[in-house]
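Accompanying notes for the structure given below.
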Amino acid sequence: MLGGVEDAGTSETAGGGASGEVPGGATGPTGSATAPRRYDSGPCMRPGTSDWDGDGYQARFDRLAAAGAEVHGEADLVATFSPASVLDAGCGTGRVGIELARRGIEVVGTDLDPSMLATARRLAPDITWVEADLAGLDLGRTFDLVLMAGNVVLFTPAGTQAAVVAGCARHVAPGGVLVAGFSLGHGWSADDHDAAALAAGLEPVDRLATWERDPWPGDGSYLVALHRRPA
Ligand SMILES: C[S@@+](CC[C@H](N)C(=O)[O-])C[C@H]1O[C@@H](n2cnc3c(N)ncnc32)[C@H](O)[C@@H]1O
14 MLGGVEDAGT SETAGGGASG EVPGGATGPT GSATAPRRYD SGPCMRPGTS
64 DWDGDGYQAR FDRLAAAGAE VHGEADLVAT FSPASVLDAG CGTGRVGIEL
114 ARRGIEVVGT DLDPSMLATA RRLAPDITWV EADLAGLDLG RTFDLVLMAG
164 NVVLFTPAGT QAAVVAGCAR HVAPGGVLVA GFSLGHGWSA DDHDAAALAA
214 GLEPVDRLAT WERDPWPGDG SYLVALHRRP A
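Numbering (the working numbering), first residue to last: 14 to 244.
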C-alpha cells in the first residue's frame with residue numbers, strides 16, 4: 014500500500030487494492046477561480062499549491078517497485094491490444110508510457126503539469142513529451158490506443174472532464190481504443206464517462222473492475238473503461 018494513499022489509483026498492481034485509492038480523498042470542487050482541482054493529491058503536490066511534485070510522485074512508485082509490488086498493470090493491459098502507438102494522456106512522470114516504450118511501442122506523453130513532465134523528460138529524454146491541456150489537445154495525428162491512467166479525469170478541473178475525454182478521443186485512430194482508469198464515487202461516474210466517450214464518437218467495448226481485468230463491477234470502487242472508435 015502506498016502509505017494509504019495513491020494518486021494514480023492503479024488498482025491492484027500498485028498495491029492499492031481494487032479500489033485504487035485517491036490521495037486525500039475527494040475534496041470536491043474548491044470554488045477557486047484558478048483552475049480548481051477536484052482532488053487533493055496529498056504529499057505529491059507542493060504544499061500550498063496545485064502543482065505536482067513529479068520526483069516525489071515517481072519516487073513513491075519506485076519504492077513500491079523496489080519492495081516487489083507489481084506496478085505495471087496498466088502497461089500489461091495496454092499490451093494486450095498490441096498497439097503500435099500509444100498516447101499517454103495525462104502521462105504525469107511517464108510512469109506508464111516509459112514502460113510501454115521499453116516494450117517497443119511508440120509513445121507520446123502529454124500532461125499540463127511542468128513538474129511531472131520534467132521528471133518524465135529526465136527519465137526518458139528520447140520520448141516525445143508535450144505540455145498541453147488535454148481538453149484542447151490537437152497533435153494532428155492519431156494513435157492505436159490512448160491511455161488515461163491514474164485518475165486523470167478526477168484531477169482535471171471540475172467541469173472539464175467531458176472536454177478532456179473528447180480531447181483524448183480525438184486522437185484515437187479508426188479501430189483504435191481509449192482506455193481510462195479512475196476511482197468511482199468522486200464526481201465522474203461510469204455513465205458520465207460513457208456519455209462523454211459516445212459524444213466524442215467512440216463506442217463502449219467493455220468495463221473492467223481493475224487493470225488485471227477483474228470483471229466489472231467488482232467492489233464498485235474502480236473502473237477501467239474501454240471504448241473504441243469504429244473502423
Ligand atoms: C495522478 S496523475 C497520473 C499520472 C500518470 N498517468 C500515472 O498513471 O502515473 C494525474 C495526471 O493528470 C494530469 N492532468 C489532469 N488534468 C489534465 C488535463 N486537463 N490535461 C493534461 N493533463 C492533466 C495531471 O497533471 C497529472 O499529471
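Glycine is no exception: its CB is placed at the ideal position from the N, C-alpha and C atoms.
Q) Should Leu125 be listed as close to ligand 1, given that the test is whether its C-beta is under 7 Å from any heavy atom? A) Within the sequence shown, the letter at position 112 stands for residue 125. Yes, since a heavy atom of ligand 1 falls inside the 7 Å radius drawn around the Cβ of Leu125.
Q) Within the chosen definition, does the segment 146-155 reach the segment 81-95 through at least 3 CB pairs nearer than 8 Å? A) no
**Q.** Contact set for His206: own chain, Cβ-Cβ below 6 Å, skip 5 residues either direction
**A.** For this step, residue 206 is matched to residue 193 along the sequence shown. The answer, listed in chain order, is Ala238.
Q.
Distance check for Cys57 and Leu197, CA to CA, integer angstroms please.
A. Residue numbering aside, residue 197 sits at position 184 when the sequence shown is read from its first letter. Residue numbering aside, residue 57 sits at position 44 when the sequence shown is read from its first letter. Distance between the alpha carbons of Leu197 and Cys57: 21 Å.
Q) DSSP state of Glu225, grouped into three classes? A) Indexing the sequence shown from 1 puts residue 225 at position 212. Correct three-state label for Glu225: coil.
Q. Since Asp64 contacts Asp126 with CB under 8 Å, what's their CB separation in whole angstroms?
A. Indexing the sequence shown from 1 puts residue 64 at position 51. Indexing the sequence shown from 1 puts residue 126 at position 113. Correct: roughly 7 Å between the Cβ atoms.
(Q) Quick check: does the Cβ of Ala223 come within less than 7 Å of any heavy atom belonging to ligand 1? (A) Here residue 223 refers to the residue found at position 210 when the sequence shown is read from its first residue. It is Thr, not Ala, that sits at residue 223 in the sequence shown. No; taking the cut-off as 7 Å, the Cβ of Thr223 has no heavy atom of ligand 1 nearer than that.
Q. What is the C-beta distance between Gly189 and Arg241, in whole angstroms, given that I count them as a contact (C-beta under 8 Å)?
A. By 1-based counting over the sequence shown, the position of residue 189 is 176. By 1-based counting over the sequence shown, the position of residue 241 is 228. Confirmed, about 7 Å.
(Q) Under 8 Å, with one C-beta from each stretch per pair, do the segment 173-191 and the segment 220-235 reach the 3-pair mark? (A) no
Q.
On the CB-based measure, 16 or more other CB atoms within 10 Å of its CB, does Ser234 come out buried or exposed?
A. As a working mapping, residue 234 is identified with position 221 in the sequence shown. Ser234 is buried by the Cβ-count criterion.
Q: Determine the extent of the alpha helix (DSSP H) in which Pro127 is found, giving its start and end residues.
A: Position 114 of the sequence shown holds residue 127. From DSSP, the alpha helix (DSSP H) with Pro127 extends over 127-136.
Q: Label Gly110 either buried or exposed according to how many other C-beta atoms from any shown protein chain fall within 10 Å of its C-beta, with 16 as the threshold for buried.
A: Here residue 110 corresponds to residue number 97 of the sequence shown, with the count starting at 1. Looking at its Cβ environment, which holds 16 or more other Cβ atoms inside 10 Å, Gly110 is buried.
Q) Enumerated in chain order, which unbroken segments of the beta strand (DSSP E) with a length of 3 residues or greater are wholly contained in the segment 140-203? A) 141-144, 156-161, 185-196
Q: Leaving out five residues on either side along the sequence, give the residues of the same chain with a beta carbon under 6 Å from the beta carbon of Val143.
A: Locating residue 143 in the sequence shown gives position 130, counting from the first residue. Taken in chain order, the residues that qualify are Thr123.
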